[in-house]
Amino acid sequence: MLSRVANNLYWLARYLERAENTARLINVNSHLLLDLPSKVKLGWEPIVDILSFRDKFYETYKDVDEKSVINFMVVDKNNPGAILTSLKSARENARTIKEIIPREAWEQINALYLFVTENQKDAFTRRSRYAYLNKIILANQTITGLLAGTMSHDEAYAFVRLGRNLERADMSTRIIDVRSATLLSEIDSELPAFSNIQWMGVLKSMTAYQMYRREVRVRINREDVLTFLLTNPRFPRSLVHAIEQIERAVTELPNSKDTVEKTSRVKNYLLNANPATLKQEKLHEFIDDMQLGLIEIDKQIEDSYF
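Residue 1 is where the sequence shown starts when you use the UniProt record's numbering, and the numbers rise one by one after that.
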């Protein structure tokens with residue numbers, strides 16, 4: 001397979017996953033702010049921090065208010081992590097490999113980009129925002145299903161799996177790092193009931209709430225949530241599941257020895273660290289180490305195949 005084609009498949013999957021995750025983050029944050037009492041100042045800044053675009057944000061915007069963050073994260077063409085930017089890049093990658101991916105997948109990607117572009121105003125009113133962002137989430141899930149269900153599971157699809165799961169793993173670490181740090185101490189001391197709501201928001205940011213309740217069956221708490229999101233091998237959006245999917249996908253490719261070894265090291269570090277028991281500062285250090293490991297995997301994939 002040409003390295004250009006492999007690169008486009010990999011980044012197509014990453015951009016689609018990024019757009020879906022960002023849409024979900026914004027929707028969950030909107031609902032979380034309504035559920036928390038007015039004295040709890042959670043705000044919109046964590047959304048910017050999750051994608052590490054704080055400096056980029058302040059180049060254009062003065063205040064981290066709802067309208068500014070929505071504009072920045074959804075439609076700002078100068079933000080490389082905005083939903084519209086991600087979908088534009090996904091569409092361009094898909095356009096150049098239309099002969100590789102199913103026609104129906106290309107049509108869905110193109111239609112999604114046009115929908116987001118033509119209905120930008122819907123992102124700015126609370127009444128229409130949920131439906132607008134939910135359409136983005138559902139369309140991405142449809143595309144993921146089309147690729148999984150109608151594309152030959154060959155080397156080309158292995159690169160789709162690599163891109164999707166590396167992006168998913170990266171976003172999982174970012175959500176857990178920033179969201180756990182913004183669980184305000186005054187909630188634990190003065191409003192313990194609302195600590196549950198924030199951890200519920202962490203779960204919902206990763207579409208994990210229902211599966212957590214089905215499997216864990218105890219009151220939502222920090223240690224069980226972290227255990228589920230980081231090390232549950234059965235949940236598709238857990239960190240360990242994403243890393244295992246990377247490991248499996250790369251074994252289907254030639255010249256995979258170095259990438260497999262790096263991925264296995266990252267997975268073993270995760271499983272041996274017992275991260276759910278770490279205090280916040282140590283958890284932050286652990287997440288930093290995991291993100292560095294994911295960067296190394298990405299670089300190794302690039303060196304080996306692109």
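Glycine included, C-beta positions come from ideal geometry on N, C-alpha and C. Remember, predicted model here, so these are calculated numbers, not experimental data.
Helix, strand or coil: how does DSSP classify residue i here?
i, result
"residue 313", "As displayed, the chain neither begins before 1 nor continues past 306, which places residue 313 out of reach and without an answer."
"Met-290", "helix"
"Ile-212", "Inspection of the sequence shows that residue 212 is occupied by Tyr rather than by Ile. Helix."
"Met-200", "helix"
"Glu-20", "helix"
"Phe-235", "coil"
"Met-1", "coil"
"Tyr-58", "helix"
"Asn-71", "helix"
"Ala-6", "helix"
"Ala-249", "helix"
"Asn-29", "helix"
"Phe-228", "helix"
Taking residue i and residue j to be in contact with their CB atoms under 8 Å, please state how far apart those CB atoms are, rounded to whole angstroms.
i, j, result
"Arg-203", "Leu-230", "Arg is not the amino acid found at residue 203; the sequence shown has Leu there. Their Cβ separation, rounded to whole angstroms, is 12 Å, which puts Leu-203 and Leu-230 out of contact at 8 Å."
"Thr-259", "Gln-300", "5 Å"
"Ala-123", "Tyr-113", "Incorrect: roughly 15 Å between the Cβ atoms, too far for contact."
"Ile-83", "Val-48", "No, Ile-83 and Val-48 are not in contact; Cβ-Cβ is about 14 Å, not under 8 Å."
"Thr-144", "Gly-81", "In fact, because the Cβ distance is near 20 Å, the residues do not count as touching under 8 Å."
State the start and end residues of the unbroken alpha helix (DSSP H) segment that holds residue i.
i, result
"Gly-163", "155–181"
"Ile-47", "45–50"
"Val-260", "257–273"
**Asked** Which runs of the beta strand (DSSP E) fall wholly inside the region 91–142 and span at least 3 residues, in chain order?
**Response** Entirely contained in the region 91–142, not one beta strand (DSSP E) run reaches 3 residues.
Three or more C-beta pairs below 8 Å linking the region 168–181 and the region 285–293 = yes
- Within the chosen definition, does the region 207–225 reach the region 145–155 through at least 3 CB pairs nearer than 8 Å? Three or more Cβ pairs closer than 8 Å define a contact, and the region 207–225 falls short of that threshold against the region 145–155.
*Does the region 73–81 touch the region 97–107, meaning 3 or more C-beta pairs lie closer than 8 Å?*
no
*Count the CB pairs spanning the region 122–140 and the region 15–34 that are closer than 8 Å, and state whether there are at least three.*
Verdict: yes, contact present.
Check: How do the region 218–225 and the region 242–260 stand: do at least 3 beta-carbon pairs fall below 8 Å, yes or no?
Finding: no
Using 8 Å as the threshold, is the region 60–74 in touch with the region 85–92, meaning 3 or more CB pairs across them? The region 60–74, when compared against the region 85–92, does not touch it at the 8 Å Cβ threshold.
Next item on the list: Please determine if the region 102–116 and the region 159–166 are in contact, where contact requires at least 3 C-beta pairs separated by less than 8 Å.
Entry: no
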